[in-house]
Amino acid sequence: MADKNDDFGKWEGKSDILLKIYSILLDKFGPMNWWPAKSDFEVMIGAILTQNTSWKNVEKAINNLNVHNLLSFEAIYEIDLNSLKQHIKPSGYYNQKAIKIKEFINFTKREYNFSLELMKKEDVFIMREKLLRIFGIGEETADSILLYALKKPVFVIDAYTRRILERHNIIKGALKEKYENLQRLFMKNITPDEANIKVYNQYHALIVMAGKMFCKRTPLCDNCPLKELEEM
Ligand code: SF4
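If you want it as structure tokens, here you go:
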């Protein structure tokens, strides 16, 4: 994420096309109201579990945690690592993910005494830097936590975002562009303020939906709502 004083100039002038994409996808799929979770805590754990796996597998792992009353800071803090591994096994890469979750929970204890409220009050730039210093938390995971759990105006970039930007020639080389630059693109053109938190929330969810349904490795353009961009 660019810092407060960054010069966004290079990424200006794309708001029309970005808002057009948003509007087309919103018309097609309707409001998304992400993240699919019952609590902000569950969002944070889900953001780690979803790395390199399908959402179906995340749901199984979350369900295991839920039936064992483990969906709280305190419960995950207390449980031993090997037991945690067993509970989240369906999410894949469970040895690593259990360590990542433990590291994250230790961080929330150390820095915020398990207070979600204090985490939400933290400055977004400071919180992002702190999250990125935790083992196993990369940019997409950190930004998912910031946006969907902590309700901060931070745009999440994923592989589908890159693919759609590239295929519609909105940013040449988007597939290989730095994460922070693509994030700049959205955050320069759709102001990162309180009013746009909902737009950021839905926009990423809509992109994921379009990607899963249409913008696959082999694109299904004929039925995709974004096909109309080609005709503009
Ligand atoms: S499937 Fe085709 S029309 Fe749809 S977003 Fe991908 S490239 Fe665009």
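Reminder that position 33 of the sequence shown reads as 16 in our numbering, one-by-one numbering, no gaps. All C-beta atoms, glycine included, are put in the ideal place defined by N, C-alpha and C. All values reported here derive from a predicted model rather than from experimental measurement.
Measure from the alpha carbon of Ser98 to the alpha carbon of each residue in Asp23, Leu9, Ile71, Tyr5, then state which is nearest.
Residue nearest to Ser98 within the set Asp23, Leu9, Ile71, Tyr5 is Asp23 (criterion: CA-CA distance).
Nearest to Ile120 by alpha carbon, out of Thr201, Ser66, Gly29?
Minimum Cα distance to Ile120 is reached at Gly29.
Okay, do the stretch 146 to 165 and the stretch -10 to 10 touch, 3+ Cβ pairs below 8 Å being the bar?
Counting C-beta pairs with one atom in each stretch, the stretch 146 to 165 and the stretch -10 to 10 have three or more that are closer than 8 Å, which means they touch.
Straight-line Cα distance separating Glu213 from Gln69:
The straight-line gap from Cα to Cα measures roughly 48 Å.
Going by DSSP in three states, Arg145 sits in which element: helix, strand or coil?
If DSSP states are grouped into helix, strand and coil, Arg145 belongs with the helices.
Cβ distance (whole Å) where Leu32 is taken to contact Lys92 below 8 Å:
That pair is no contact at about 20 Å.
Cβ contact check for the stretch 131 to 144 and the stretch 37 to 44: 3 or more pairs under 8 Å:
Judged by Cβ distances under 8 Å, the stretch 131 to 144 makes no contact with the stretch 37 to 44, as fewer than three pairs qualify.
Compare the Cα-Cα distances from Thr201 to each of Ile147, Met27, Ser37 and report the closest residue.
Per the C-alpha coordinates, the member of Ile147, Met27, Ser37 positioned closest to Thr201 is Ile147.
With 16 other Cβ atoms within 10 Å as the buried cut-off, status of Ser127:
Around the CB of Ser127, 16 or more other CB atoms lie within 10 Å, so the residue is classed as buried.
Asn(-12) versus Leu165 - alpha carbon distance:
Low confidence applies to Asn(-12): its pLDDT is 48, below 50, so where it sits in the model is not reliable, and the reading given next is rough at best. When rounded, the distance between both Cα atoms is 17 Å.
Is it right to say Glu100 is buried, meaning 16 or more other beta carbons lie within 10 angstroms of its own, or is it exposed?
Label assigned to Glu100: exposed.
For the candidate residues Leu189, Thr144, Ala20, whose alpha-carbon lies nearest to that of Leu168?
The option with the nearest alpha carbon to Leu168 is Thr144.
Could you compute how far the alpha carbon of Gln185 sits from the alpha carbon of Lys72?
For Gln185 and Lys72, the distance between alpha carbons rounds to 29 Å.
Whose C-alpha, out of Leu209, Leu130, Met196, is nearest the C-alpha of Val182?
In terms of Cα proximity to Val182, the closest of Leu209, Leu130, Met196 is Leu130.
If the criterion is Cβ atoms closer than 8 Å, does the pair Lys85 and Leu64 meet it?
Yes, the Cβ-Cβ distance between Lys85 and Leu64 is below 8 Å.
Where do the N-terminal and C-terminal ends of the alpha helix (DSSP H) with Val191 fall, by residue?
From DSSP, the alpha helix (DSSP H) with Val191 extends over 180 to 196.
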